[in-house]
Structures are given as C-alpha cells and as structure tokens.
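Participant: With the numbering used here, you'll find the sequence shown wraps up at 390, consecutive numbering, no jumps.
The C-beta atom is built at its ideal place from N, Cα and C for all residues, glycine as well.
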Amino acid sequence: MVDRVAALCNYNVLEVVFSYLDLKDLGRCSQVCKSWFHFLNDENSDVWRFHCLNKLPKEVTKSELLSPVPTYKTKLRAFFHSWNPSDCSRNVYIKPNGFTLHRNPVAQSTDAARAKIGFRHGRHAWEVIWEGPLGTVAVIGISTKEAALQCHGYVALLGSDDQSWGWNLVENHLLHNGDMQGGYPLLNNAPKYQVGDRIRVILDCDDNTLSFEKNYEFLGVAFRGLPDKKLFPTVSAVYGNTEVSMVYCGTPLDG
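#1: Leaving out the 5 sequence neighbours to the left and right, which residues in its chain are closer than 7 Å to residue 179 when beta-carbon positions are compared?
#2: Along the chain, where does the alpha helix (DSSP H) that runs through residue 212 open and close?
#3: Please report how far the alpha carbon of residue 355 lies from the alpha carbon of residue 186, in whole angstroms.
#4: Does the contact criterion of 3 or more C-beta pairs under 8 Å hold for the segment 281-294 versus the segment 329-337?
#5: Can you say whether residue 144 is buried or exposed, counting buried as having 16 or more other CB atoms within 10 angstroms of its CB?
#6: How is residue 311 classed by DSSP in three states: helix, strand or coil?
#7: Spatial neighbours of residue 340 within its chain, please: CB distance less than 8 Å, with the 5 preceding and 5 following residues excluded, ordered by chain position.
#8: Where does residue 234 sit, in a helix, a strand or coil, going by DSSP?
#9: Could you please give me the residues that DSSP links to residue 299 through a beta bridge?
#10: Within the chosen definition, does the segment 345-352 reach the segment 232-248 through at least 3 CB pairs nearer than 8 Å?
#11: Going by beta carbon distance, what residues of the same chain come within less than 6 Å of residue 312, once the five residues before and after it are set aside?
#12: Do residue 277 and residue 109 come within 8 Å of each other at the CB atom, strictly closer than that value?
#13: Using the C-alpha atoms, what's the distance from residue 153 back to residue 182?
#14: Does residue 371 pass the burial test, meaning 16 or more other C-beta atoms within 10 Å, or should it be called exposed?
#15: If you draw a straight line from the C-alpha of residue 236 to the C-alpha of residue 230, how long is it?
#16: Mind checking residue 250: buried by the 16 CB within 10 Å criterion, or exposed?
#17: Can you tell me the Cα-Cα spacing of residue 200 and residue 384, whole angstroms?
#18: Pick from 261, 273 and 300: whose alpha carbon is nearest that of residue 279?
#19: With distances taken Cα to Cα, identify the nearest neighbour of residue 188 among 364, 175, 232 and 291.
#20: Which residues share a DSSP beta bridge with residue 333?
#21: Just list the alpha helix (DSSP H) runs in the segment 167-193, keeping only unbroken ones of 4 residues or longer that don't cross its boundaries, in chain order.
#22: For residue 272, name the three-state secondary structure that DSSP assigns.
Quick look at the structure:
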C-alpha cells in the first residue's frame with residue numbers, strides 16, 4: 136500500500152513538472168529512463184492535454200477537422216506540421232485555427248502555400264480537405280523550398296517546374312516539370328473530387344514515391360523517383376475565398 140501511494144505521488148509530481156517544460160525538453164526527458172519514456176508515451180496524458188490546450192485554439196481541438204489525430208499528442212504534432220504563414224503567397228492567409236488557409240479573391244493569380252515542416256527521410260501521411268469551390272485548377276502535392284508560390288493567371292502552379300509534384304483535382308491529371316504526367320487515378324471514368332472529400336497524401340522518402348488515398352481508398356502510386364531533397368506538403372489554388380485545410384497524421388498504416 137505504501138509503495139502504491141509513493142508511486143502515485145511520484146506520478147503526480149512528474150505530471151506537474153513535465154507540464155511546465157517545453158517540447159524539446161520533454162523529448163530529452165523521454166530519453167532519461169524507461170519510466171519517463173513510458174510516462175511520456177501516454178499520448179492522452181494530462182501532460183499532453185495541458186500542452187495541447189495551451190498551444191491550439193479551443194475551437195479546433197474539438198472539431199471534426201482533427202478526427203484523423205485522436206490523441207492530445209498527435210493533435211499537437213499536427214499543429215506544428217500545419218501551414219506556414221511565412222511560406223505562402225501574399226494572396227493567402229492562414230486562419231486562426233492554424234490548419235486552414237484562405238485564398239483571397241485576387242483576379243488572374245494562382246497562389247500556393249507550404250507546410251512548416253518538410254521531409255527527407257521516413258514515411259509520412261497528411262490529409263487535405265478542400266473546403267470551398269475548386270475553381271478551374273486545384274492542385275495538391277509536394278514541393279521543395281525552391282518552388283514558386285505565386286504566379287500570374289489561373290494555372291497549375293504546383294507541378295509547373297522541376298521542384299514540385301501535384302495532382303490537379305479538377306482534371307484528374309498528374310503534373311511535374313510543367314508536363315502532364317497522365318491521368319490519375321488509373322481508373323476508367325475516375326470520379327472527380329467532391330468538396331469535403333478527405334484526400335490522404337502519402338510520401339515515402341525511403342521508396343521515393345508519392346501516393347494518394349481518397350476517403351481511405353488507396354488510389355495507387357502517383358510519382359516515383361522523387362529526389363533526395365526536403366519535400367513539403369503544398370497546395371495551389373485559384374478560386375477566390377476558397378479554403379484548404381491540412382492535418383499531418385504521422386506514419387501511414389499499411390493494409
């Protein structure tokens with residue numbers, strides 16, 4: 136009984152202390168010993184709840200937008216992988232929830248945005264939800280830091296150079312280096328994207344491939360032979376007042 140009380144007190148002390156540490160320090164703490172590792176490995180603990188509620192706007196923590204990331208720790212991770220307000224077109228702003236971009240109604244302009252964090256190793260998945268009209272061109276995919284984020288006219292900006300790869304949801308075409316790489320998905324009369332559909336983007340930096348799922352149905356590999364460079368989740372849009380949300384999910388599950 137005494138041992139159980141001592142263990143409970145120790146747990147409560149750790150909970151209080153860890154709640155006041157920043158995230159980098161928490162990462163270091165998880166490497167101190169097995170006990171601390173297992174403590175911080177509980178993704179729904181009050182420690183992660185405190186940090187999640189402290190960082191994220193209240194309205195987004197309970198919204199359906201974050202349904203792919205059910206724990207406090209994964210919600211927090213998704214927030215740090217969300218759109219980068221400092222890496223987007225001047226005609227785009229990131230809404231207060233941090234996960235949704237808004238494209239202003241500017242004529243004859245195509246505008247893009249990149250996520251805060253890019254990837255060069257491992258396997259990563261994120262969901263993209265177009266929450267407004269697609270317009271004549273709406274492209275989702277990846278790009279390097281060298282890819283342009285704004286251009287004149289209504290064009291498929293993402294995929295227009297050798298630094299970006301995209302899927303145009305309007306025409307169901309793959310785009311890279313200014314060329315149409317064929318239809319996608321490889322289905323007869325493939326259905327077009329409907330506003331509200333969840334597209335899961337799967338980047339495999341070990342296999343150098345990019346794939347997509349729609350409403351949890353795997354659509355096949357879209358691009359192969361991706362370069363050994365840091366690649367960022369990216370979208371480009373042309374329709375005024377359209378909004379696009381992105382939620383980082385982590386390592387994709389097979390099967």
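Facilitator: The structure says:
#1: Within the sequence shown, the letter at position 44 stands for residue 179. Correct list, in chain order: 206 and 207.
#2: The residue given as residue 212 occupies position 77 in the sequence shown. Residues 207-215.
#3: The count along the sequence shown starts at 1 and reaches residue 355 at position 220. The count along the sequence shown starts at 1 and reaches residue 186 at position 51. Each residue's alpha carbon lies about 37 Å from the other.
#4: no
#5: Within the sequence shown, residue 144 is the residue found at index 9, counting from 1. Because residue 144 sits at a pLDDT of 41, beneath the cut-off of 50, its placement in the model cannot be relied upon, and the following sentence gives the value as read from the coordinates. Counting Cβ neighbours within 10 Å, residue 144 comes out exposed, since fewer than 16 surround it.
#6: Here residue 311 refers to the residue found at position 176 of the sequence shown. Strand.
#7: Stepping through the sequence shown from its first residue, residue 340 is reached at position 205. Excluding sequence neighbours, residue 340 sits near 254, 255, 256, 257, 258, 259, 361 and 366.
#8: Mapped onto the sequence shown, residue 234 falls at position 99. The answer is coil: DSSP assigns residue 234 none of H, G, I, E or B.
#9: The count along the sequence shown starts at 1 and reaches residue 299 at position 164. Bridge partners of residue 299: 278.
#10: no
#11: Residue mapping note: residue 312 aligns to position 177 of the sequence shown, counting from 1. Result list for residue 312: 297, in chain order.
#12: There is no way to answer for residue 109, as the model of the chain reaches only from 136 to 390.
#13: Counting from 1 along the sequence shown, the entry for residue 182 is found at position 47. Counting from 1 along the sequence shown, the entry for residue 153 is found at position 18. When rounded, the distance between both Cα atoms is 6 Å.
#14: Walking along the sequence shown from the start, residue 371 turns up at place 236. Burial call: buried.
#15: The sequence position of residue 236 within the sequence shown is 101, counting from 1. The sequence position of residue 230 within the sequence shown is 95, counting from 1. The straight-line gap from Cα to Cα measures roughly 6 Å.
#16: The residue labelled residue 250 in the question sits at position 115 within the sequence shown. So residue 250 counts as buried.
#17: Here residue 200 is taken as the residue at index 65 of the sequence shown, counted from 1. Here residue 384 is taken as the residue at index 249 of the sequence shown, counted from 1. Residue 384 has its alpha-carbon roughly 12 Å from the corresponding atom of residue 200.
#18: Numbered from 1 along the sequence shown, position 144 holds the residue referred to as residue 279. Of the candidates 261, 273 and 300, the one whose C-alpha sits nearest the C-alpha of residue 279 is 300.
#19: On the sequence shown, residue 188 is found 53 positions in, with the first residue counted as 1. The shortest C-alpha separation from residue 188 is found at 232.
#20: If you number the sequence shown from 1, residue 333 lands on position 198. 264, per the DSSP bridge assignment.
#21: 169-175 and 181-190
#22: Residue 272 sits at position 137 when you count from the first residue of the sequence shown. Here residue 272 sits in coil by DSSP.
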